[in-house]
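Residue numbers (the working numbering): 1150 to 1804. Where a beta carbon is used, it is the ideal one built from N, C-alpha and C, also for glycine. As the structure is a computational prediction, the values presented were derived from the model and not from experiment.
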């Protein structure tokens, strides 16, 4: 199997249990049997049936209702840990000792029913994540030596050509070599609208081909695809607990021991010192032990965080753990890398300045015809901007890349030079107007390429890295949330300042080496507090590692950046950081709502047990009811409502 099964690392009360103990079809059925035995036993007892028969039915109720709790308690003891399962089982046994077996069986029934309801609620959260793992098709149609064959994904190799029909899931990451279609990338990038795919475009494993037939060349094995990386990150997220969650884990263990000690004193001291009735006092102690168990408190934090992580995954935001979800809410400043994060990371033609009577289309056609033979980084941008038909009509011969000067060739029988005006000055005279125009464009942070043809200057082409369409919105979103924004770049200060002004960045640090970026992050932490770093490249890895929270751009990010980061924005949508921050802050509010509610109910029930003689069934109902409420609160606020809002937004965008 390419995709590993998701391990369930959190049981109902945040303790690990073997898979066979948490099988979804076992516990609900045992709950039903417990209820039937409880009802039957009560009716038999009231009807005056033999004590042997009543006892037999009571034993059935205890065995079925307490099976999972007993096994959990035994495992806890084996691990030298006293937990909620132990408290519940002891309370039920204590009730049976004083003849209140009906109350004890009711406790076990409600405890087991609560577990089932919590498992269902948490399962809804997990399905939002595990749904990703079902996106892989089991087979793929591969074309080798002109022959089509259907093979398993494990048989695919990098470089293979895979044929994908309309309606099929794309089996691997790859590049479209032929065909046109629209692809639903929502499981990977969170984009609600299908994306058009043409030859040369990247596609991801697990996405859905909606219309045309696509030929895709495999660029990564299925086990190394973007979807596989997502699976790995989600598995890590389940293991990486938040600070609040770790604190409550330790608190629960110590609290359970303290409760047992208190219950022992409560059983012994009143009868010995004050002459209290042992049976009544023992029953009250069992009620106190039940209502004082921290079930709701223990589950409130992990249930909320897993719902939030699932909601984020549906929105194209991957947290590598609850710890990072919690940390994001405390961030005070956000540092952005420039290239590939705020900008597209690829140069594009921005200006064409005609000279000596040549029009813009002809300038691009000549430049494109010559640059098509070049491997220079700017060549692709120029050829992409030119009309392919116009380029094809120009005959180019004698092509030569002259180091330090530019490109030299013959186009339609006329000599051509293409390069920076400064470099070409060694070979050709640069007129004053060309020099002035070059300076003007360079002051705007652009790279300038000059073209001469037939011995005359014919034009200037300016290129620049383009802002991402969503960059300004993303920066504005940070500032509206009270965060300071900073840009870190290795580019020159002139270009950096220009980009910063366009997007509204608060502070700029330019001309930085990778180690310099890490040092700036340290200084920002001293100045503002916790800092998040957003980047996509290898040169961002040191800063991502040093930052309180590292954020990587998913599809465009290098493996090093993705491994170093704590949070991944899929689909290269930097504006999704605002969504992640909102979700993180909401998760913290929900966690504190649950903690305060859990403590309030627990304290109220304990007071009721001592003041009004709270009956055990009512205590169990209040105790387990509060547990179900905190789980449901996290599920509704952090998963169901955000998912509903996202679906509505997607429908509006599609319309």
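One question on the structure: do residue i and residue j come within less than 9 angstroms of each other, judged by their Cβ atoms?
| i | j | result |
| --- | --- | --- |
| residue 1479 | residue 1655 | no |
| residue 1353 | residue 1313 | no |
| residue 1484 | residue 1616 | no |
| residue 1743 | residue 1450 | yes |
| residue 1635 | residue 1565 | no |
| residue 1639 | residue 1659 | yes |
| residue 1401 | residue 1363 | no |
| residue 1465 | residue 1725 | yes |
| residue 1539 | residue 1558 | no |
| residue 1253 | residue 1718 | no |
| residue 1646 | residue 1657 | yes |
| residue 1700 | residue 1727 | no |
| residue 1551 | residue 1569 | no |
| residue 1486 | residue 1637 | yes |
| residue 1472 | residue 1678 | no |
| residue 1261 | residue 1474 | no |
Whole-angstrom Cβ separation of residue i and residue j, contact assumed at under 8 angstroms?
| i | j | result |
| --- | --- | --- |
| residue 1587 | residue 1556 | The Cβ separation is near 17 angstroms, so there is no contact. |
| residue 1456 | residue 1716 | Contact doesn't hold; Cβ gap of about 17 angstroms is too wide. |
| residue 1321 | residue 1311 | 6 angstroms |
| residue 1671 | residue 1695 | 6 angstroms |
| residue 1782 | residue 1739 | 6 angstroms |
| residue 1441 | residue 1780 | That belief does not hold up - the Cβ atoms of residue 1441 and residue 1780 are roughly 20 angstroms apart, past 8 angstroms. |
| residue 1323 | residue 1360 | Not confirmed; about 18 angstroms, so no contact. |
| residue 1405 | residue 1662 | About 53 angstroms separates the two Cβ atoms, so there is no contact after all. |
| residue 1514 | residue 1543 | 6 angstroms |
| residue 1350 | residue 1325 | 5 angstroms |
| residue 1259 | residue 1767 | Incorrect: roughly 10 angstroms between the Cβ atoms, too far for contact. |
Mind checking residue i: buried by the 16 CB within 10 Å criterion, or exposed?
| i | result |
| --- | --- |
| residue 1706 | With a pLDDT of 47 at residue 1706, under the threshold of 50, the modelled position of that residue is not reliable, and the figure given next carries that caveat. It is buried - the Cβ of residue 1706 has at least 16 other Cβ atoms within 10 Å. |
| residue 1763 | buried |
| residue 1423 | exposed |
| residue 1468 | buried |
| residue 1759 | exposed |
| residue 1829 | Since the displayed the chain opens at 1150 and closes at 1804, residue 1829 lies outside it and no answer follows. |
| residue 1549 | exposed |
| residue 1505 | exposed |
| residue 1334 | buried |
| residue 1775 | buried |
| residue 1192 | exposed |
| residue 1223 | exposed |
| residue 1786 | buried |
| residue 1720 | buried |
| residue 1200 | exposed |
| residue 1476 | buried |
| residue 1460 | buried |
| residue 1772 | buried |
Considering Cα atoms alone, identify which of the options is closest to residue i.
| i | options | result |
| --- | --- | --- |
| residue 1287 | 1303, 1295, 1293 | 1303 |
| residue 1416 | 1395, 1399, 1438 | 1438 |
| residue 1561 | 1516, 1677, 1179, 1552 | 1516 |
| residue 1294 | 1285, 1183, 1309 | 1309 |
| residue 1128 | 1343, 1786, 1602 | Any question about residue 1128 goes unanswered here, given that the chain covers just 1150 to 1804. |
| residue 1512 | 1431, 1191, 1785, 1531 | 1531 |
| residue 1723 | 1552, 1576, 1414, 1652 | 1652 |
| residue 1220 | 1233, 1606, 1299 | 1233 |
| residue 1434 | 1784, 1754, 1770, 1290 | 1754 |
| residue 1689 | 1490, 1745, 1730 | 1490 |
| residue 1805 | 1178, 1328, 1436 | Absent from the structure is residue 1805, since the part of the chain shown begins at 1150 and ends at 1804. |
| residue 1217 | 1554, 1196, 1179, 1204 | 1179 |
| residue 1521 | 1567, 1623, 1729, 1250 | 1567 |
| residue 1683 | 1488, 1474, 1301 | 1488 |
| residue 1673 | 1648, 1190, 1194, 1633 | 1633 |
| residue 1545 | 1523, 1237, 1534 | 1523 |
| residue 1403 | 1368, 1373, 1430, 1443 | 1443 |
| residue 1432 | 1729, 1256, 1325, 1187 | 1256 |
| residue 1648 | 1537, 1773, 1613 | 1613 |
| residue 1553 | 1536, 1576, 1563, 1541 | 1576 |
| residue 1327 | 1534, 1348, 1229, 1580 | 1348 |
| residue 1582 | 1572, 1625, 1607 | 1607 |
| residue 1373 | 1421, 1306, 1231 | 1306 |
| residue 1247 | 1426, 1675, 1625 | 1426 |
| residue 1208 | 1190, 1194, 1225, 1198 | 1190 |
Within 9 angstroms (strictly less), CB to CB, does residue i reach chain C?
| i | result |
| --- | --- |
| residue 1690 | Protein chain content of the structure displayed is limited to a single chain, and chain C is not contained in it. |
**Message:** Under 8 angstroms: do the stretch 1582-1597 and the stretch 1494-1503 share three or more Cβ pairs, one atom per stretch?
**Reply:** yes
**Request:** For the stretch 1410-1419 and the stretch 1211-1218, state whether three or more C-beta atom pairs, one from each stretch, are separated by less than 8 angstroms.
**Result:** no
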